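Visitor: Take a look at the following structure, please.
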């Protein structure tokens, strides 16, 4: 794909600067007019500040709405010139057709360079190419919008029918494979200053994409100061089937050209109109060329096979890394899989379940597997993933029966032997697994409140006042987290227990005696009491290691979202399989929205926990991870205060950069949310994503505004309690500090807020109300303000107040 660059071709390319100057100015003028009523002077100034960061050895975040125009008017000439020097010699050697996948396409410099090179070759009579298709992908819809306009203006001006380009905002992994033309992957100025820590991941994603596309070459360039990052990517690629070919690839000479006068005039008038003449970049004219590329890399695939997955074992095709593959492999160990939000815990657990069943022809006895999780939606998700994995396994047939939401049965035939998998949410365990009788009658929604009030009415006045002060929700949590969760099944135990993680104190003596007698003499009929009955029934087995009355028909037990199972739940579940080493759990204590800090993984008699740590989030964009890290560290510290490091079950949040850089969390103010949220939803969306929004634990005003905005933008919206939605994910999540009816928020607010924010795959919107809840406002104020995007100056001011407000209650 190389040829010498003739002097005649260089002469023809010298008209490129004037053609591109005119096309860029025309395109940016159209985009500015299109958004004239949307972009404030404050927004444009912020976009200019982002751009200035590139010249100060900082990373530029391309998620401000005006950044595409600011970038193109300043950098389009330089980037296109450097792309011409790298690509023109290669295009001169192309015969027939070629597909170029342009990663981080920005404002379309690669596509512009290809069009300019093809036209120049044609004028020289050297063109042998019949068609070049450029597929540009970028995480920023604002860069992509400008790229479309510039390329269209350029080819309209000079005519270039054999070059076609598409520009889409989406992750690399979403690029579709195509039959026919040979494919090259190009990344022009792809790397950030922070990418040194992600070189192996970037190389891994490049290799995976090249395998998917059957690409034979990868061409990368980057700016001065980032050459070391590029070298690390090269080293990582060379460990596999790729080799550097730069020594044998000619780089085209610098191309002479004139000033970008039209772009400069437009920049000056645009910034001057918005009062930004003080910025140092205002008076500086954009340039066309530099003498040399700062850093470049050309990699060709070595002869040999093209891998179809990241791993040799085809069963690992759904997994992202070797740590996940190890955790997904069944083993004779009591196991916990710990990972941050989006690290793949549920996929790994599902794969492990499928593999446990798939070895039925070699195991004795045949597997009878129990799978449970805190909520129905996660059980349904696991069932779907297990079915998908088993259907892809050779020699396996299955029958899937869905008995209700969160209730599934799989009968799996593996080479003539039948295994069984039952999946059910936690509320079904007492009756279906631990042989406790059904609750008599139906427990209406206000049953607990009515029964507490009825019993309290019989107490002395002082005791009634105590019950009123504690409240119905607190008492329900006290029953679950302490009396049942810590197995305090008589008054003496309860009176002296250390109430781990509970903020509201209960003095030993008379106070606890009142609570005990209110709740347990006799026990109030409830779903928690169902679990108490199960624990009592098998108490001898749990506490004294005696044979249990339970018929242990299960060979294996799997638990997802284990951070919302109490210590008693887990100890009881360890008695369900015939061997406690066949209990495997997955979870993250940072997302313990039901228990909060009271979650504690217990010791199991006769077995020691094996821990698999899944590090890094494949769901969360880098920018969201960066913003949430201070809150994640704070949650981890609060959990560590009450237990040993080895029992913590948390991993600090860290993004896998190569998944997608993404957008910073966007901050709006409550008084403007009704108008601004619709603008956000229209502006920020990845192509190919289902337009789904979750209003997570939001108050009435935010829910109504989110519903209106979603309907206006044709988005689907879900609203409700995070207890229902945890474990799932959405392209957009909205959270707020608006007053809400969270139960016991002083103990679980940080975990619930963190869990809600980590449901996003692309966009996180934070709504700050002036009269919002003080504790939630303070928690949001812990986020990294440098990694947030403020929609306007009012949002920036609101966050500053949250950051400097009173600390949350801990």
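Residue numbers (this note's numbering): -2 to 807. C-beta: ideal position from N, C-alpha, C; glycine also. Values in this document were obtained by computation on a predicted structure and should not be read as measured data.
In the DSSP assignment, the alpha helix (DSSP H) including residue 198 goes from what residue to what residue?
Guide: 196 to 210
Visitor: Please name the residue in 714, 527, 415 whose C-alpha comes closest to that of residue 434.
Guide: 527
Visitor: Give the C-beta separation of residue 691 and residue 730 to the nearest angstrom, bearing in mind that I take them to be a contact with Cβ-Cβ under 8 Å.
Guide: In this structure, residue 691 and residue 730 form a Cβ contact; the two beta carbons are roughly 5 Å apart against a cut-off of 8 Å.
Visitor: Using the Cα positions of residue 698 and residue 557, report the straight-line distance between them to the nearest angstrom.
Guide: 34 Å
Visitor: Less than 8 Å between the C-beta atoms of residue 210 and residue 174, yes or no?
Guide: yes
Visitor: Hey, how far is the Cα of residue 297 from the Cα of residue 368?
Guide: Taken atom to atom, the span from the alpha-carbon of residue 297 to that of residue 368 is near 46 Å.
Visitor: Going by C-alpha to C-alpha distance, which of 198, 182, 153 sits closest to residue 98?
Guide: 182
Visitor: For the alpha helix (DSSP H) that residue 622 lies in, which residues bound it at each end?
Guide: 619 to 637
Visitor: Check whether the segment 627 to 636 and the segment 345 to 363 are in contact - that is, three or more C-beta pairs closer than 8 Å.
Guide: no
Visitor: My output table needs one value for residue 767: the three-state DSSP class, helix, strand or coil.
Guide: Residue state for residue 767 is assigned as coil, using DSSP reduced to three classes.
Visitor: Quick one: what does DSSP say residue 520 is sitting in, helix, strand or coil?
Guide: Assignment of residue 520 by DSSP, reduced to helix, strand and coil, places it in the strand class.
Visitor: What are the start and end residues of the alpha helix (DSSP H) that includes residue 113?
Guide: 106 to 120
Visitor: What are the start and end residues of the alpha helix (DSSP H) that includes residue 260?
Guide: 258 to 270
Visitor: Looking at residue 651: is its Cβ nearer than 8 Å to the Cβ of residue 622?
Guide: yes
Visitor: In whole angstroms, what is the alpha-carbon distance linking residue 101 and residue 133?
Guide: Taking the straight line from one Cα to the other gives about 7 Å.
Visitor: Taking its Cβ as the centre, do 16 or more other Cβ atoms sit within 10 Å of residue 425, making it buried, or is it exposed?
Guide: By the beta-carbon neighbour count (other beta carbons within 10 angstroms, threshold 16), residue 425 is buried.
Visitor: Check residue 790 in the structure and name its three-state DSSP category.
Guide: helix
Visitor: Hey, how far is the Cα of residue 189 from the Cα of residue 76?
Guide: 15 Å
Visitor: Residue 604 and residue 568 look like a contact to me (Cβ under 8 Å); what is the Cβ gap, rounded to whole Å?
Guide: Wrong, their Cβ atoms sit about 12 Å apart, outside the cutoff.
Visitor: In angstroms, rounded to a whole number, what distance separates the CA positions of residue 700 and residue 716?
Guide: 7 Å
Visitor: State the CB to CB distance for the pair residue 599 and residue 499, rounded to an integer number of angstroms; the pair is presumed to be in contact (CB under 8 Å).
Guide: With a Cβ gap of about 18 Å, residue 599 and residue 499 do not count as contacting.
Visitor: Which one or two residues does DSSP pair with residue 297 in a beta bridge?
Guide: Its beta-bridge partners are 214, 240.
Visitor: Is it right to say residue 801 is buried, meaning 16 or more other beta carbons lie within 10 angstroms of its own, or is it exposed?
Guide: exposed
Visitor: Run through DSSP, which three-state label would residue 4 get?
Guide: helix
Visitor: Could you pull out every unbroken beta strand (DSSP E) segment of at least 3 residues lying fully inside the segment 371 to 421, listed in chain order?
Guide: 393 to 401, 404 to 411
Visitor: Counting C-beta neighbours from all protein chains within 10 Å, is the total for residue 208 16 or more, i.e. buried, or is it exposed?
Guide: buried
Visitor: Residue 167 by DSSP, collapsed to three states: which one?
Guide: coil
Visitor: Cutting at 8 Å between CB atoms, please list the residues of its own chain near residue 196, excluding the five before and the five after it.
Guide: 226, 229, 230, 232, 233
Visitor: Does DSSP put residue 665 in a helix, in a strand, or in coil?
Guide: strand
Visitor: Give the straight-line distance between the Cα atoms of residue 39 and residue 63, rounded to the nearest whole angstrom.
Guide: 10 Å
Visitor: Pull up the CB-CB distance for residue 646 and residue 428, whole angstroms please, since I reckon it's below 8 Å.
Guide: The pair is not a contact, with the Cβ atoms about 28 Å apart (cut-off 8 Å).
Visitor: Report all residues from its chain with a CB closer than 6 Å to the CB of residue 242; omit the five preceding and five following residues, and keep chain order.
Guide: 295, 297
Visitor: Could you name the residues of the same chain whose beta carbon sits closer than 6 Å to that of residue 351, not counting the 5 residues immediately before and after it, in chain order?
Guide: The residues are 383, 386, 387.
Visitor: Could you say if the segment 581 to 595 and the segment 612 to 621 meet the contact criterion of at least three C-beta pairs nearer than 8 Å?
Guide: no
Visitor: Decide if residue 713 is buried, meaning its Cβ has at least 16 other Cβ atoms within 10 Å, or exposed.
Guide: exposed
Visitor: Taking the alpha-carbon positions, what's the residue 705 to residue 608 distance?
Guide: 45 Å
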